[in-house]
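>
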Amino acid sequence: MKGWIAGLAAVVGLSLAVPASAQAPQNRVFQATYSVSVYGLTGGELNLDVRISGDSYTGTLRQRATGLMRTAVGDAQDYDASARGVITATAVRPTTYTHTGGSRDRTVTVNFSASDVVTVANPPMNMGNPPATRAQRMGSTDQISSFVHMMVAPGEADPCNRTIRVFDGRARFDLVMTPNGTRNVNNRAFRGEARRCSVTYRAIAGLTDEPPTGDNMTFLFGRLENGLWAPLRIEWPTDDAGMAVIQARSIASS
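Everything in the sequence shown is counted per the numbering used here, starting at 384 for the first residue and increasing by one.
1. Would you decide whether L424 is buried or exposed? Buried here means 16 or more other CB atoms lie within 10 Å of its CB.
2. Between A504 and G552, is the Cβ-Cβ spacing less than 8 Å?
3. Would you identify the three-state DSSP class for R328, choosing helix, strand or coil?
4. In chain order, which beta strand (DSSP E) runs of at least 3 residues are fully inside the stretch 456 to 526?
5. Just reading off the beta strand (DSSP E) that Y440 is part of, what are its end residues?
6. Fully enclosed by the stretch 539 to 627, which beta strand (DSSP E) runs are 3 residues long or longer?
7. In terms of residue numbering, what span does the beta strand (DSSP E) encompassing S436 cover?
8. Per the DSSP calculation, Q630 is bridged to which residue(s)?
9. Just the C-alpha distance for M534 and A474, rounded to the nearest angstrom, thanks.
10. Could you name the residues of the same chain whose beta carbon sits closer than 8 Å to that of R489, not counting the 5 residues immediately before and after it, in chain order?
11. Around the Cβ of P614, are there at least 16 other Cβ atoms within 10 angstroms (buried) or fewer (exposed)?
12. At the level of alpha carbons, what is the spacing between I470 and S436?
13. Skipping 5 residues on each side, what residues in its chain have a beta carbon closer than 8 Å to that of T516?
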């Protein structure tokens, strides 16, 4: 979960657009840079690139520690990830997810199919206690695809009205999202009304440490001209480091 939170991610303004469900399939591009901060001090940067072509998508995520955090941990929190899959009328379905990095420079690949969801790790890794079962893995999405799901919001008019089943190759958890009003945003990344989501993290299996505090997580999404819901800001409380924040610094879309 720590890696997923640092890599939001997770998971990426201009004006309101017609609902995505009313648009014909099209090519869409989303690129964003995010800062990661704790106690108001920036300690990391994320770069998210999502490309949608008809009913297919690809996504890449680059995570780097910066500043004092990099001095403290070096490249132990640096990751590069990618995902691909298809978008249906009601779901986002990944086919492959891969991430590389961390203190052991491990490569983790997750293959999603109609019969199973399988992890291959090199070097091998502990699969958590208890490890996620096949039934728990089925129907899940990886970290990048989970944000594609939020951005496209298949079958819904509101990105906050859903529960997303996430499997990162080891940890299996749910993000339970409920609408919680709107907020006006005016910064260099986005200007306009944003949807506010209350999000609860629900641990399922494959954990290697204590589940994070997740009852007070907040996501903000802004609608772009291309119909995607852009992740603008993510806040979550930590046990020992106060409020952690991922904030969009720049967004480009077409």
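Every residue gets a Cβ at the ideal spot worked out from N, C-alpha and C, and that includes glycine.
The answer reads as follows:
1. As a first step, residue 424 is located in the sequence shown; it is residue number 41 there, counting from the start. Exposed is the call here.
2. Position 121 of the sequence shown holds residue 504. Position 169 of the sequence shown holds residue 552. Yes. Within cutoff.
3. Residue 328 is absent from the structure shown; the chain starts at 384 and stops at 637.
4. 462 to 470, 475 to 484, 489 to 495, 500 to 505
5. By 1-based counting over the sequence shown, the position of residue 440 is 57. Taken as a continuous stretch (DSSP letters only), the beta strand (DSSP E) holding Y440 covers 439 to 448.
6. 545 to 550, 555 to 569, 574 to 588, 600 to 606, 612 to 620
7. The residue you call residue 436 lines up with position 53 of the sequence shown. Run containing S436: 424 to 436, per the beta strand (DSSP E) assignment.
8. Position 247 of the sequence shown, counted from the start, is the residue given in the question as residue 630. Looking at the DSSP assignment, Q630 forms a beta bridge with S418, R616.
9. Here residue 534 is taken as the residue at index 151 of the sequence shown, counted from 1. Here residue 474 is taken as the residue at index 91 of the sequence shown, counted from 1. Cα-Cα distance, rounded: 12 Å.
10. By one-based count along the sequence shown, residue 489 stands at place 106. Hits under 8 Å: T483, A504, N505, P506, M508.
11. Residue numbering aside, residue 614 sits at position 231 when the sequence shown is read from its first letter. Per the 10 Å Cβ criterion, buried.
12. As a first step, residue 470 is located in the sequence shown; it is residue number 87 there, counting from the start. As a first step, residue 436 is located in the sequence shown; it is residue number 53 there, counting from the start. The straight-line gap from Cα to Cα measures roughly 10 Å.
13. Counted from its first residue, the sequence shown places residue 516 at position 133. If we look at T516 and ignore the five residues flanking it on each side, its Cβ neighbours are A588.
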